[in-house]
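Okay, structure first, notes after.
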Amino acid sequence: MELNSFAQFANLVSSRHSCRKYKDTPVDHDLIRTVLDTARLAPSACNRQPWSFIVLEGEQGRDICGRAYDREWIRTAPSFIIVCGHHDEAWHRPFDGKDHTDVDISIATEHICLTATTLGLGTCWVCNFDPATLSADLHLPEGVEPIVIIPIGYPDYDEQAPARKRKALDDILQWGVK
Ligand SMILES: Cc1cc2nc3c(=O)[nH]c(=O)nc-3n(C[C@H](O)[C@H](O)[C@H](O)COP(=O)(O)O)c2cc1C
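As structure tokens, this is what we get:
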């Protein structure tokens with residue numbers, strides 16, 4: 455990878471942050487499709503791609519997502535992507551049966567958030583919602599779980615990325631076996 459590409463990627467990763475205040479401006483469907491097209495390209499265990507994406511917009515989105523996640527800030531978003539995991543399609547590790555749906559969904563979700571950042575759109579991972587309420591409102595069948603709500607829209611503030619706290623690399627890196 456060229457140094458320039460690395461610098462761009464590093465800049466992208468540090469620009470992505472949780473946006474909790476959005477402008478009213480609607481997000482064009484082509485942009486949402488562009489974002490979701492990169493989620494589609496995410497790797498998944500055994501390439502099972504155990505995911506689907508439900509886009510909600512406007513009042514309907516605010517009602518449904520606000521009911522499952524009752525925070526004023528989420529109601530500022532113009533659009534929402536609900537990332538759904540399909541447990542029956544996902545790879546389960548034969549040794550212990552571990553269901554890899556969450557792992558696959560996480561990668562797809564971060565593709566969405568990073569791509570949105572490149573397009574000037576803000577996002578936030580939201581998992582602290584009531585899954586029963588959301589599943590019922592979305593009429594999700596058995597085996598399909600709403601795993602992440604991603605509000606998406608234009609950030610309603612000027613700074614690129616607020617300061618964020620992270621552990622120091624040396625505190626989390628181990629070379630070899632202790
Ligand atoms: C799996 C996961 C679940 C999260 N759930 C929520 C949530 O329910 N509500 C919320 O406001 N932020 C949520 N976040 C956002 C985190 O709080 C945020 O990513 C973290 O504080 C780091 O900040 P940053 O995203 O600005 O770098 C979640 C993030 C992840 C990865």
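Just so we're on the same page, the working numbering is the position in the sequence shown counted from 1, plus 454.
We treat Cβ as the ideally placed atom computed from N, Cα and C, and that holds for glycine.
Cα-Cα separation between residue i and residue j, rounded to whole angstroms
i, j, result
"Gly539", "Cys519", "17 Å"
"Gly512", "Ile603", "15 Å"
"Cys500", "Ser560", "15 Å"
"Ala570", "Phe583", "22 Å"
"Trp527", "Leu627", "35 Å"
"Arg521", "Lys632", "47 Å"
"Gln514", "Phe549", "43 Å"
Which listed residue (the options) has its alpha carbon closest to that of residue i
i, options, result
"Ile606", "Ile536, Asp550, Val557", "Ile536"
"Asp482", "Ala461, Tyr608, Gly515", "Tyr608"
"Arg474", "Leu485, Arg502, Trp579, His541", "Trp579"
"Val467", "Val509, Pro585, His565, Tyr523", "His565"
Presumed contact (8 Å Cβ cut-off) between residue i and residue j, rounded CB distance
i, j, result
"Pro600", "Asp558", "In fact, because the Cβ distance is near 15 Å, the residues do not count as touching under 8 Å."
"Thr488", "Leu573", "7 Å"
"His541", "Thr530", "In fact, because the Cβ distance is near 32 Å, the residues do not count as touching under 8 Å."
Buried or exposed by the 16-neighbour rule on C-beta atoms within 10 Å, applied to residue i
i, result
"Thr479", "exposed"
"Ser459", "exposed"
"Ala562", "buried"
Close Cβ partners of residue i (< 6 Å) along its chain, the five nearest in sequence each way excluded
i, result
"Ala615", "Ser469, His471"
"Asp610", "Lys475, Tyr476, Lys477"
Close beta carbons around residue i, own chain, < 8 Å, minus the five adjacent residues each side
i, result
"Leu485", "Leu573, Leu575"
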